[in-house]
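According to this note's numbering, the stretch in the sequence shown is residues 89 to 170, in order.
A virtual CB, placed ideally from N, CA and C, is assigned to each residue, including glycine.
So the structure is just underneath, and the comments pick up after that.
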Amino acid sequence: MAELDPKLRAIVAMAASVLPREIGCDDCFDYFAAYAEHLLAGGPLPEPLQMVGEHLERCSCCMEELNLLLAAMKASTLDEAP
Ligand SMILES: [Zn+2]
Numbered sequence: 089m090a091e092l093d094p095k096l097r098a099i100v101a102m103a104a105s106v107l108p109r110e111i112g113c114d115d116c117f118d119y120f121a122a123y124a125e126h127l128l129a130g131g132p133l134p135e136p137l138q139m140v141g142e143h144l145e146r147c148s149c150c151m152e153e154l155n156l157l158l159a160a161m162k163a164s165t166l167d168e169a170p
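Written out as C-alpha cells, the structure is:
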C-alpha cells in the first residue's frame, strides 16, 4: 500500500475509530455475490452482510453495481427454471 500523507492517515484512523463497522467499496464488492444470493434466498443476513447493506444505503454507486448483479442473477435463475 502506498504511503499516506500523515494528515490523511490521521483522518483515516479517526474515521476508523468513529465508525468501526464501516466498510469501504472494495470490501463491499468482495461480499456482493454472497449478499445477492442472500437477498434472492431471503432470511436474516449474517453480520458481514449487514455491513454491506449499511454501506449500500449510503453508496449509490455500489447499490447500482448490486442491482446489475441481481438482475444478472435473476436472469440466469429464470433460464434454469423448467
Ligand atoms: Zn460503495
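* To do: Decide yes or no for the touch test of the stretch 149 to 161 against the stretch 123 to 138: beta carbon pairs closer than 8 angstroms, at least 3 of them.
  => The way I'd put it, the stretch 149 to 161 does touch the stretch 123 to 138; three or more beta-carbon pairs between them come closer than 8 angstroms.
* Does the Cβ of residue 143 lie closer than 7 angstroms to at least one heavy atom of ligand 1? -> Position 55 of the sequence shown, counting from 1, holds the residue named residue 143. Yes - ligand 1 has a heavy atom lying nearer than 7 angstroms to the Cβ of residue 143.
* Any idea if residue 88 is buried or exposed, counting beta-carbon neighbours within 10 angstroms, 16 or more meaning buried? -> Since the first and last residues shown for the chain are 89 and 170, residue 88 lies out of range.
* Spatial neighbours of residue 140 within its chain, please: CB distance less than 6 angstroms, with the 5 preceding and 5 following residues excluded, ordered by chain position. => Taking the sequence shown and counting its residues from 1, one reaches residue 140 at position 52. Only 116, 119 and 123 meet the Cβ criterion.
* To do: Note down, one range per segment and in chain order, each alpha helix (DSSP H) of at least 4 residues found wholly within the stretch 92 to 147.
  => 94 to 106, 113 to 129 and 135 to 146
* Assign residue 149 to one of two classes, buried (16 or more other C-beta atoms within 10 Å of its C-beta) or exposed (fewer than that). => The count along the sequence shown starts at 1 and reaches residue 149 at position 61. Its Cβ having fewer than 16 others within 10 Å, residue 149 is exposed.
* To do: Find the nearest neighbour of residue 128 within the set 167, 161, 147 and 142, judged by alpha-carbon distance.
  => By 1-based counting over the sequence shown, the position of residue 128 is 40. Nearest C-alpha to residue 128: 161.
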